[in-house]
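Residue numbers (UniProt numbering): 1 to 217.
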């Protein structure tokens, strides 16, 4: 995989070739609307998607998709739920998802403007790569850089970051497009992701793309 579009040094010198870049929007679904609104990401993500698409970047929508009966539900046991409440007699571990495949609650937020020509990536585990067609789709498009937005940051985003990094993709986490619990989100953005990949804003990403296009003209 080529990493020619990465220019080391200052952030204001970076180049991002949009034709070799994919925006992966992770779990910004009706079921998680409240989290998206609380984090204020709907506007920034829509701007990022529209601008990247217009520059020729691939746009993919990774979304939870589970059988209603729970037959494909993850079996790994955890100590706490997604609100960090301990499981116990008063808070039993779930054995099926809150919604089944095809539910309107698993649809991408309409305000984000998903289009038929974009890539729809139903997923059954946290990572957008696990058991999905995301990786072969990226390879077929010649993509070597993945921009990640959505949430939650310390769960699905983190899982996807680690998977992409181990497959030698360049990874950029777009910090103003992230959702999830604030303490974990801040910790990962400030202390975890910078060691694994790059963390940038929507404006920095778009500037790097425009700089790359200018360099080729």
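Backbone N, C-alpha and C fix where the C-beta goes; we use that ideal spot for every residue, glycine too.
From a predicted model like this one, the values you see are computed outputs, not experimental measurements.
- Per DSSP, residue 157 lies in no alpha helix (DSSP H) and is assigned neither H nor E.
- Where residue 63 is concerned, there is no enclosing alpha helix (DSSP H), although the beta strand (DSSP E) around it starts and stops at 58-64.
- For residue 34, the closest alpha carbon among the candidates 195, 48, 181 is that of 181.
- Collapsing the DSSP output to three states places residue 211 in a helix.
- Rounded to whole angstroms, the Cβ separation of residue 108 and residue 56 is 21 Å, and the two are not in contact under 8 Å.
- DSSP places residue 177 within a strand segment (E or B) once states are collapsed to three.
- Within the stretch 88-152, the complete beta strand (DSSP E) segments at least 3 residues long are 119-123, 145-150, listed from N- to C-terminus.
- Nearest to residue 155 by C-alpha distance, out of 178, 91, 48, is 178.
- Contact between residue 119 and residue 59 holds: their C-beta atoms lie close to 7 Å from each other, under 8 Å.
- Judged by beta-carbon spacing, residue 158 lies beyond the 8 Å limit of residue 26, meaning their Cβ atoms are not closer than that value.
- Under the 8 Å Cβ criterion, the stretch 95-113 counts as touching the stretch 61-72, having at least three qualifying pairs.
- Assignment of residue 41 by DSSP, reduced to helix, strand and coil, places it in the coil class.
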